[in-house]
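J.:
In structure tokens:
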């Protein structure tokens, strides 16, 4: 059974801090790892990491994939209150097209 | 604008009642999914459909049923057999190209039991 574990489960920081969110996985046939941000209702896509793309960056957010050690990190620098959200990690384990296994999520709270 | 519409946003279920959650997409995606989100447990897959008139059970299908009569629509029925239905339900869609898929999500339905 595919498994995705995120840590920490919750994190409270102040504006300007840098945070690192972790995601480890055990899947049958790894195809991709995805990060989503869920502010209120609908999760929105952040990054997809695959064998051919193990590092992604967008503004203050960046993510890397370590396929050997089976984990990914999501880094947010110079955090802002708008970064407060649940961050979800999901893995496509190749069991069926588009079928993702999600971790528990990390609740990030950024105080002014 | 293309997107996924879920309705209603809030739903209350009485004991022994079946309720149906609506999900419509105009992204022309072939695949659609239903996930359940409980606090501290992330998203768990209930059912998914890769093509019209076909669907597969996910990890927690017991007490739920779906249909896929049209490409745009994938309604989820929470039956009376689901003993703990209170949760946030998310519908998603994707265009499985056999390479890498990205899910697009609706805004969810919060279901509570009266």
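Residue numbers (our numbering), protein chains in the order written: chain A, 1 to 112; chain B, 1001 to 1114. Quick reminder that beta carbons are idealized off the backbone N, C-alpha and C, glycines included.
(1) Can you look up residue 66 of chain A in the DSSP assignment and give me helix, strand or coil?
(2) Count the other C-beta atoms from every protein chain shown that fall within 10 angstroms of the C-beta of residue 1087 of chain B, then say buried if there are 16 or more, exposed otherwise.
(3) What did DSSP end up calling residue 81 of chain A once you bin it into helix, strand or coil?
(4) State the start and end residues of the unbroken beta strand (DSSP E) segment that holds residue 56 of chain A.
(5) Output yes if chain A places a C-beta closer than 8 Å to the C-beta of residue 1021 of chain B; else output no.
(6) Measuring CA to CA, which of B/1009, B/1050 and B/1013 is closest to residue 41 of chain A?
(7) Which of the three DSSP states is assigned to residue 1044 of chain B in this structure?
(8) By the criterion of Cβ-Cβ separation under 7 Å, what are the contact partners of residue 1105 of chain B in chain A?
(9) Would you mind telling me which residues of chain B sit closer than 7 Å to residue 102 of chain A, beta carbon to beta carbon, in chain order?
(10) Output, in chain order, the set of chain B residues within a Cβ distance shorter than 8 Å of residue 94 of chain A.
(11) Does the contact criterion of 3 or more C-beta pairs under 8 Å hold for the region 1006–1026 of chain B versus the region 76–90 of chain A?
(12) Inspect the beta-carbon positions of residue 1047 of chain B and residue 1031 of chain B and report whether they are closer than 8 Å.
(13) Relative to the C-alpha of residue 1110 of chain B, which residue among B/1016, B/1020, B/1015 and B/1002 is closest?
(14) Mapping DSSP to helix, strand and coil, what is residue 27 of chain A?
(15) I believe residue 1091 of chain B touches residue 1037 of chain B by the beta-carbon criterion, under 8 Å. Please report the beta-carbon distance rounded to the nearest angstrom.
(16) Tell me which residue opens and which closes the beta strand (DSSP E) that residue 1031 of chain B is part of.
(17) In whole angstroms, give me the CA-to-CA distance for residue 1027 of chain B and residue 1102 of chain B.
(18) State whether the region 83–93 of chain A contacts the region 24–37 of chain A, with contact taken as three or more CB pairs (one from each stretch) at a distance under 8 Å.
(19) Mind checking the region 1063–1094 of chain B against chain A and listing, in chain order, the residues whose C-beta falls within less than 7 Å of any C-beta there?
(20) Of all Cβ atoms in chain A, is any one closer than 8 Å to the Cβ of residue 1057 of chain B?
(21) Where does residue 1059 of chain B sit, in a helix, a strand or coil, going by DSSP?
(22) Is the shortest distance between the beta-carbon of residue 33 of chain A and the beta-carbons of chain B less than 8 Å?
(23) Quick check: what's the CA-CA separation for residue 32 of chain A versus residue 58 of chain A?
T.: Judging by the given coordinates:
(1) Per DSSP, reduced to three states, the secondary structure at residue 66 of chain A is strand.
(2) Around the beta carbon of residue 1087 of chain B, 16 or more other beta carbons lie within 10 angstroms, which makes this residue buried.
(3) Residue 81 of chain A: helix per DSSP, three-state reduction.
(4) First-last of the beta strand (DSSP E) with residue 56 of chain A: 55–58.
(5) No, residue 1021 of chain B does not count as interfacial toward chain A.
(6) Ranking B/1009, B/1050 and B/1013 by CA distance to the CA of residue 41 of chain A puts B/1009 first.
(7) Note: residue 1044 of chain B maps to strand in three-state DSSP.
(8) For the C-beta of residue 1105 of chain B, the chain A residues within less than 7 Å are, from N- to C-terminus, 42 and 43.
(9) Residues of chain B with a Cβ closer than 7 Å to the Cβ of residue 102 of chain A are, in chain order, 1042 and 1043.
(10) Ordered by position in chain B, no residue passes the 8 Å Cβ test against residue 94 of chain A, which lies about 11 Å from the chain.
(11) Under the Cβ criterion (8 Å, minimum of three pairs), the region 1006–1026 of chain B does not count as touching the region 76–90 of chain A.
(12) Judged by their CB atoms, residue 1047 of chain B and residue 1031 of chain B are not nearer to each other than the 8 Å cut-off.
(13) Residue B/1020 is the option with its Cα nearest to residue 1110 of chain B.
(14) In the structure shown, residue 27 of chain A sits in coil (DSSP, three-state: anything other than H, G, I, E or B).
(15) Here residue 1091 of chain B is actually not in contact with residue 1037 of chain B; their C-beta atoms are around 12 Å apart, not less than 8 Å.
(16) Where residue 1031 of chain B is concerned, the enclosing beta strand (DSSP E) stretches over 1031–1037.
(17) Their Cα atoms are separated by approximately 13 Å.
(18) Touching, yes.
(19) Taken in chain order, the members of the region 1063–1094 of chain B whose beta-carbon sits within less than 7 Å of a beta-carbon on chain A are 1094.
(20) At a cut-off of 8 Å, the C-beta of residue 1057 of chain B has no neighbouring C-beta in chain A.
(21) Note: residue 1059 of chain B maps to coil in three-state DSSP.
(22) No, its Cβ sits nowhere closer than 8 Å to a Cβ of chain B.
(23) Rounded to whole angstroms, the separation of the alpha carbons of residue 58 of chain A and residue 32 of chain A is 18 Å.
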